[in-house]
Amino acid sequence: MKLKVVTKILDANEKIAQENRDVFDKHRVFVINLMSSPGAGKTTLLEQTIKALSPELKIAVIEGDITGTDDAVRIDALGIPVVQINTGGGCHLDASMVQEAISDLPIKEIDLLFVENVGNLVCPAEFYLGEDVKAMVLSITEGHDKPLKYPMMFQHSKAVVVNKIDLLGYLDVDVQKIRKDIYSLNPSIALFEVSCKTGQGIDGWIDWIKTGCLCRRQ
Amino acid sequence: MHEVSIALSLLERIVEECEKNGYSKVVAVTVDVGRASGIMPDALSFSFEALKTDTRASEAILTINDVAIKALCNNCGSEFSTEDAYVFMCPHCSSNSFTMLSGRELNITEIEVQ
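First to last, the protein sequences are chains A and B. Here the first sequence stands for residues 1 to 218, where the numbers follow our numbering. Here the second sequence stands for residues 1 to 114, where the numbers follow our numbering.
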């Protein structure tokens, strides 16, 4: 007996992601799924972002890591609600992990939720978590060849923070090529060249988030 | 690496469909995998074989249909396809504004049950 079923393989994940989405819609939370390779500066970007936007916006963070709580401790030090997910080897977060984490957050009071995904340039882009937007960090120390080597993440993201530009004079990296390749993969992406260490260029990223939160509340 | 998660979702989905329709086992399943889906067919097959034991799909044969990338250029309106895993620009006018028509599939299309 043959059954004709046209369904997405990741149907189960999409259903739970939609349930997450419903919770975010109900409480008008703007949710950013933040992705990058390990060490690109996601947590440092979050620290800077929280300092710039809190207490104007009520922020919460879900931290995804294979193991450990180092990132959650850093966010907790800023007085922000944070939940750590340990995937125990899994290379990405999925919607059910996020669903569980949401239940531990005061979601009714939150304006802006960051989901910091597991450091990985490949898999996280595949799994919808219920977020409004995917955003990513690429640090210039990773080299200018990364956009064309890992195109999917750049194609799925609405914003990219090109981080560590304070190191520009010390590296043989072609930032012009990074810019050109990212736009060729995704012409409408918002691109910010930033140093999370010095704060250079962070204003554009902050304004982009504020706009997202404003649109969400209307 | 995430082919394991995909294979697990696939198995859960086909076993659920089999039970829902009152059958006892899955003997075959066909899936469409787009070239730009980010999935390696070999890794998906390998994961499926490893995970299917001790399930209602333990004897299931997995067939993977490779779906080519097709896109419609938003600038010159031409439809084009490519063998590459990613489209960077329209081959006719070099615009990089285009709409993907196919290539991102990750779908189950048919399940054979007994």
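Cβ atoms here follow ideal geometry from the backbone N, Cα and C, with glycine treated the same way.
Of the residues V133(A), I140(A), L121(A), Q176(A), which one's Cα is nearest the Cα of K149(A)? L121(A)
Quick one, which of S5(B), L101(B), G22(B) has its alpha-carbon nearest K2(A)'s? G22(B)
Taking the alpha carbon of I75(A) as the point to measure from, which residue in T67(A), G89(A), A60(A), I85(A) has its own alpha carbon closest? A60(A)
Pick out the complete alpha helix (DSSP H) segments inside the segment 46–76 of chain A, 4 residues or longer, and give them in chain order. 70–76
Taking DSSP's pairing of strands, which residues face S102(B) in a bridge? K70(B)
Residue(s) in a DSSP beta bridge with L138(A): V162(A)
Rounded to a whole number of angstroms, what is the C-alpha to C-alpha distance between A36(B) and E79(B)? 17 Å
Which residues, taken in chain order from the segment 44–77 of chain B, show a beta carbon closer than 7 Å to some beta carbon of chain A? none
Which runs of the alpha helix (DSSP H) fall wholly inside the segment 31–68 of chain B and span at least 4 residues, in chain order? 41–51
Between which two residues does the alpha helix (DSSP H) carrying S157(A) extend? S157(A) -> no alpha helix (DSSP H), and no H or E assigned at all.
Considering only the alpha carbon of each residue, which of N96(B), A68(B), I64(B), E83(B) lies closest to N75(B)? N96(B)
Could you check where the beta strand (DSSP E) with A190(A) kicks off and where it finishes? 190–193
Buried or exposed: G103(B), going by 16 or more other Cβ atoms within 10 Å of its Cβ? buried
Work out the CA separation of N186(A) and K177(A) for me, nearest whole Å. 14 Å
Could you tell me whether the Cβ atoms of I50(A) and I80(A) are closer together than 8 Å? yes
Can you check whether the C-beta of P81(A) is within less than 8 Å of a C-beta belonging to chain B? no
Buried or exposed for E112(B), please, with buried defined as at least 16 other CB atoms from any protein chain shown within 10 angstroms of its CB. buried
Measuring straight from C-alpha to C-alpha, what distance separates Y183(A) and I189(A)? 7 Å
Could one say the Cβ of L101(B) lies closer than 8 Å to chain A's Cβ atoms, at least one of them? no
Does DSSP put V29(A) in a helix, a strand or coil? coil
Determine the closest residue to T69(A) out of L78(A), L57(A), E56(A), Q84(A), with distance taken between C-alpha atoms. Q84(A)
Per-residue DSSP class, three states only, for S78(B): coil
Any chance the segment 109–118 of chain A sits against the segment 10–19 of chain A, with 3 or more Cβ pairs inside 8 Å? no
With 16 other Cβ atoms within 10 Å as the buried cut-off, status of L168(A): exposed
Just the Cα atoms here: how many angstroms apart are I110(A) and N163(A)? 27 Å
Could you list the residues in the segment 8–28 of chain B with a C-beta less than 7 Å from some C-beta on chain A, going in chain order? S9, L10, E12, R13, E17, N21, Y23
Close-in-space but distant-in-sequence residues of the same chain around G41(A) (CB under 7 Å, 5 per side omitted): V137, S139, N163, K164, C196
Three-state class that DSSP yields for T87(A) in the structure shown: coil
Residues near F192(A) in its chain [Cβ-Cβ closer than 8 Å; skip 5 each side]: A159, V160, V161, V162, G201, I202, G204, W205, W208
For the beta strand (DSSP E) that E116(A) lies in, which residues bound it at each end? 112–116
Mark V6(A) as exposed unless 16 or more other C-beta atoms lie within 10 angstroms of its C-beta, in which case mark it buried. exposed
Strand pairing of I111(B), partner residues [DSSP]: L3(A), V29(B)
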